[in-house]
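Note that the protein sequences, when read in sequence, are chains A and B. Note that our numbering has the first sequence beginning at 24, numbered continuously upward. Note that our numbering has the second sequence beginning at 24, numbered continuously upward.
Protein chains: 2
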Amino acid sequence: MHLGELDTPAVVVDLDVLERNIRRLAEYCRQHQLSLRPHTKTHKIPEIARWQIEAGAVGITVAKVGEAEVMTAAGLDNLLIAYPVIGRSKLERLMALASGNKMLVALDSAEALDGIALAAHQAGTSLGILVECDLGMKRCGVQTPEEALRLASQAHNRPGVEFEGILFYPGQVRVPPDLQPSLLSAVSEKLEHLLDSFHRAGLPCRIVSGGSTPTAFNSHLIKGMNEIRPGTYVFNDRNTLELGACTLEDCALRVLATVVSTAVPNKAIIDGGSKTFSSDRLMAGAKEDFGLIVADPGLRLVGMTEEHGHLDISRSARPLHIGSRLSIIPNHVCTCVNMHNQIYYHRGGEVQGCWQVAARGRVS
Amino acid sequence: MHLGELDTPAVVVDLDVLERNIRRLAEYCRQHQLSLRPHTKTHKIPEIARWQIEAGAVGITVAKVGEAEVMTAAGLDNLLIAYPVIGRSKLERLMALASGNKMLVALDSAEALDGIALAAHQAGTSLGILVECDLGMKRCGVQTPEEALRLASQAHNRPGVEFEGILFYPGQVRVPPDLQPSLLSAVSEKLEHLLDSFHRAGLPCRIVSGGSTPTAFNSHLIKGMNEIRPGTYVFNDRNTLELGACTLEDCALRVLATVVSTAVPNKAIIDGGSKTFSSDRLMAGAKEDFGLIVADPGLRLVGMTEEHGHLDISRSARPLHIGSRLSIIPNHVCTCVNMHNQIYYHRGGEVQGCWQVAARGRVS
Chain A
24 MHLGELDTPA VVVDLDVLER NIRRLAEYCR QHQLSLRPHT KTHKIPEIAR WQIEAGAVGI
84 TVAKVGEAEV MTAAGLDNLL IAYPVIGRSK LERLMALASG NKMLVALDSA EALDGIALAA
144 HQAGTSLGIL VECDLGMKRC GVQTPEEALR LASQAHNRPG VEFEGILFYP GQVRVPPDLQ
204 PSLLSAVSEK LEHLLDSFHR AGLPCRIVSG GSTPTAFNSH LIKGMNEIRP GTYVFNDRNT
264 LELGACTLED CALRVLATVV STAVPNKAII DGGSKTFSSD RLMAGAKEDF GLIVADPGLR
324 LVGMTEEHGH LDISRSARPL HIGSRLSIIP NHVCTCVNMH NQIYYHRGGE VQGCWQVAAR
384 GRVS
Chain B
24 MHLGELDTPA VVVDLDVLER NIRRLAEYCR QHQLSLRPHT KTHKIPEIAR WQIEAGAVGI
84 TVAKVGEAEV MTAAGLDNLL IAYPVIGRSK LERLMALASG NKMLVALDSA EALDGIALAA
144 HQAGTSLGIL VECDLGMKRC GVQTPEEALR LASQAHNRPG VEFEGILFYP GQVRVPPDLQ
204 PSLLSAVSEK LEHLLDSFHR AGLPCRIVSG GSTPTAFNSH LIKGMNEIRP GTYVFNDRNT
264 LELGACTLED CALRVLATVV STAVPNKAII DGGSKTFSSD RLMAGAKEDF GLIVADPGLR
324 LVGMTEEHGH LDISRSARPL HIGSRLSIIP NHVCTCVNMH NQIYYHRGGE VQGCWQVAAR
384 GRVS
């Protein structure tokens, strides 16, 4: 079946581009002796996670216990939950996972550590601990080397857990790659200071995990980091493109949509809105539009209601009519994929199959 | 099980409030001789649709063919697809639905009408047609009485279809109910003009379908309208509340979330972000915040990343710690529910069960 025959809206992935994206970052990591532990929150698809492992990733990252359950059930091992696991129910589920799989968990509080250590000790199992440190993102993470050391010391030699190192997310670095060096050297400086403290305290960090898609190919500029966890790089999206962190040819995923109404002057409506694309705005720049219409950038996706995408056709050269099909790069590919139960894959426009977005909706 | 024992994030519905919301609008519609055909895009749950029918609704509304498939499979009948059905695959599926169920479809183009009429005629079945008219929303809908009449005439006495009336969506009326009369009289005027044209042409409109949640209890002010299609009223949300179109006591749905990090000063992180709440902004007013924290409005949900909700705790009197649980009214309940595979229901805090959001993800 050709892409043109797929019912819309449909999310489609170009396998050639996906494979190239996976291969290229794996190759970069090999060159720079960086471990790659891709964040699977972007695709939530075990089949793609396995390809990432086959290309050289040391393991995978997930955000939620529920995502870890889906991934381990599909045979993935060596998982990092880059999210504090809090509460009795989640701890029980985490211990069930840890009994058969190598599990790492990031955390930034004594409460989270105490919960995990006690549960693991009682369950007779063990988990690796990464202390999350805030190197500028201001979301999670302890604020000072002293706090990081305190948590690490509490994890060190404690039954049920093994202190493995530190984790951070440089999500604040959202400028084009050629403008990143000065920002990354600020991250580097904080990290070196942190690692010095650990070194002096005699607490070695086996894992120093950071990295994001926008900074992926500048990861070697962050001294001391030995692992990265980018997610978006497999597909890329309008955010990555506008940032100059990928090219149009690197965008593996499109939303196919059909024009269903042209009744209102200067406007056309496509059959996908916020329940197809997500309502995420562009993260940088003018923050306008909800996607990039590849064939005609003059045609703008200016608005979203739940099932209607609102096109401004006033500056478009393209004649649009009911039934016209468009191929659109979403602003934020992670939240877009999260809307869908399945996504299709193709080579050169020939649909080869369909993946279930198996870990979708595993919010807890 | 008590709500306090549910793993988070979790979406929970207070059955007493839900039932009261369903009953109250059904009662209003009976009083004013209005047919009620609730839009099920809000909940996507056949069980709730059945309650709406039992309370007096004449049928249900859906946005997509896929949603109609789920609803009819669950035994619902008399469905309106308030969305133009375009393309061969969807037409085939629509005909399969029409062979066993009473189906109405809204449309605003000759292309949509031709497709449906031809497919229905070939399939030996018949569908009701509502001509969608734009009475100010500027999304879909023909622009003039002449265009409406032209489409209606094309549907009249045509094999495969039956012209049933007109449909509009007064979504542009987003002011508090007491300020709505002047806006609704503008809608009324356009509608009367439209109905006059149909009357003069000898094309009776059996169904004149409009209505939204914000205007629900002012529906009697739109003269000539005999059916309404509100969706949100079953649960209500922060949008409805801020608009003054419901009270806090009418908000049936909450997101339960847990504080998982307090490491960053003046901030706390909860375990739900845009993949739990959706990233929809408030539609009216300051457009700030991503939900209302009922117990402490000084505690603000100011930011969203995929799995992190960012709380500004600087003006909160409430002591927050890791593990603190919050109950939050989402900005837009339709897009919030759409994130989840299941939602829980309770009475007085005792969890009674869980619905599958069965029509979720049926985007085509």
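A virtual CB, placed ideally from N, CA and C, is assigned to each residue, including glycine. Bear in mind the structure is a predicted one, so any value in this text is a computation, not a measurement.
Under 8 Å from the C-beta of residue i: neighbouring residues of chain A
| i | result |
| --- | --- |
| serine 301/B | Ser297, Ser301 and Ser302 |
| alanine 80/B | Neighbours of alanine 80/B on chain A: none; closest Cβ ~20 Å, over 8 Å. |
| glutamate 134/B | His344, Ile345 and Gly346 |
| glycine 110/B | Asp30, Thr31, Thr281 and Gly346 |
Counted within 10 angstroms of its Cβ, other Cβ atoms place residue i as buried (16 or more) or exposed
| i | result |
| --- | --- |
| glycine 326/A | buried |
| leucine 271/B | exposed |
| alanine 340/A | exposed |
| leucine 331/A | According to the sequence shown, residue 331/A is histidine rather than leucine. Buried: at least 16 other Cβ atoms inside 10 Å. |
| glutamine 203/B | buried |
| asparagine 289/A | exposed |
| alanine 178/A | buried |
| serine 122/A | exposed |
| histidine 369/B | buried |
| aspartate 260/B | buried |
| serine 205/B | exposed |
| glycine 164/B | buried |
| asparagine 241/A | buried |
| alanine 96/A | exposed |
| glutamate 77/B | exposed |
| alanine 318/B | exposed |
| aspartate 201/B | exposed |
| arginine 229/B | exposed |
| arginine 111/A | exposed |
For residue i, the first and last residue of its enclosing beta strand (DSSP E)
| i | result |
| --- | --- |
| proline 306/B | Reading the sequence as shown, one finds methionine at residue 306/B and not proline. Methionine 306/B -> no beta strand (DSSP E), and no H or E assigned at all. |
| cysteine 377/A | 373 to 379 |
| alanine 291/B | 290 to 293 |
| valine 389/A | Residue 389/A lies beyond the range of chain A shown here (24 to 387); nothing can be said about it. |
| serine 329/B | What sits at residue 329/B in the sequence shown is glutamate, not serine. That residue, glutamate 329/B, is in no beta strand (DSSP E); it is neither H nor E in DSSP. |
| isoleucine 189/A | 184 to 190 |
| arginine 370/B | 365 to 370 |
| glutamate 155/A | 150 to 155 |
| isoleucine 104/A | 102 to 104 |
Extent of the continuous alpha helix (DSSP H) run through residue i
| i | result |
| --- | --- |
| glutamine 203/A | 203 to 223 |
| lysine 113/A | 111 to 121 |
| serine 176/B | 168 to 178 |
| glutamine 145/B | 133 to 146 |
| proline 353/A | First-last for proline 353/A: 348 to 353, but that is the beta strand (DSSP E), not the alpha helix (DSSP H). |
| threonine 95/B | 88 to 96 |
| glutamate 42/A | 38 to 54 |
| glutamate 311/B | It is not in any alpha helix (DSSP H) - glutamate 311/B carries neither H nor E in the DSSP assignment. |
| alanine 129/B | From DSSP, alanine 129/B is part of no alpha helix (DSSP H) but of the beta strand (DSSP E) over 126 to 130. |
| threonine 281/B | Threonine 281/B -> not in any alpha helix (DSSP H); beta strand (DSSP E) instead, spanning 276 to 284. |
| threonine 263/A | 261 to 265 |
| valine 356/A | 356 to 360 |
Under 7 Å by beta carbon: chain B residues contacting residue i
| i | result |
| --- | --- |
| isoleucine 292/A | Arg162 and Cys163 |
| lysine 113/A | Asp30 |
Rounded distance between the beta-carbons of residue j and residue i, thought under 8 Å
| i | j | result |
| --- | --- | --- |
| asparagine 101/B | valine 81/B | 7 Å |
| leucine 214/B | isoleucine 245/B | 6 Å |
| arginine 60/B | leucine 29/B | Actually they are not in contact, since the Cβ atoms of arginine 60/B and leucine 29/B sit about 33 Å apart, beyond 8 Å. |
| leucine 276/B | serine 350/B | Actually they are not in contact, since the Cβ atoms of leucine 276/B and serine 350/B sit about 10 Å apart, beyond 8 Å. |
| alanine 175/B | phenylalanine 186/B | 5 Å |
| histidine 62/B | glycine 254/B | 3 Å |
| alanine 33/A | serine 387/B | 7 Å |
| alanine 105/B | arginine 252/B | 7 Å |
Neighbouring residues, chain A, relative to residue i (Cβ below 9 Å)
| i | result |
| --- | --- |
| glutamate 329/B | Lys64, Ala86, His355, Cys357, Thr358 and Asn361 |
| glutamine 166/B | Ala286, Val287 and Pro288 |
Residues that residue i contacts on chain B, provided the C-beta gap is smaller than 9 Å
| i | result |
| --- | --- |
| aspartate 157/A | Ala286 and Val287 |
Residue i CB to nearest heavy atom of the ligand GDP below 8 Å
| i | result |
| --- | --- |
| glutamate 70/B | This structure does not include the ligand GDP; it has no bound ligands of any sort. |
Neighbour list for residue i in chain A, Cβ cutoff strictly below 7 Å
| i | result |
| --- | --- |
| proline 107/B | Val283 and Ser284 |
Is the number of C-beta pairs between the stretch 274 to 286 of chain A and the stretch 215 to 233 of chain A that are closer than 8 Å three or more?
Segments in contact, no.
The stretch 355 to 370 of chain A / the stretch 323 to 338 of chain A touching (three or more Cβ pairs under 8 Å)
Two segments are said to touch when three or more pairs of C-beta atoms, one from each, lie closer than 8 Å; by this definition the stretch 355 to 370 of chain A does not touch the stretch 323 to 338 of chain A.
Does the stretch 33 to 53 of chain A come within contact of the stretch 257 to 271 of chain A, defined as at least 3 CB pairs closer than 8 Å?
Contact annotation: the stretch 33 to 53 of chain A touches the stretch 257 to 271 of chain A, with at least three C-beta pairs closer than 8 Å.
Would you call the stretch 204 to 214 of chain A and the stretch 147 to 161 of chain A touching, i.e. three or more CB-CB distances under 8 Å?
Short answer: they touch.
I want to know whether the stretch 84 to 101 of chain A touches the stretch 368 to 383 of chain A - three or more CB-CB distances under 8 Å.
By the Cβ test, the stretch 84 to 101 of chain A is in contact with the stretch 368 to 383 of chain A, since at least three Cβ pairs between them sit closer than 8 Å.
Okay, do the stretch 218 to 237 of chain A and the stretch 161 to 177 of chain A touch, 3+ Cβ pairs below 8 Å being the bar?
With a cut-off of 8 Å, the stretch 161 to 177 of chain A and the stretch 218 to 237 of chain A count as touching, because enough Cβ pairs lie within range.
Are three or more beta carbon pairs between the stretch 291 to 308 of chain A and the stretch 309 to 316 of chain B nearer than 8 Å?
Because the criterion of three Cβ pairs below 8 Å is not met, the stretch 291 to 308 of chain A and the stretch 309 to 316 of chain B do not touch.
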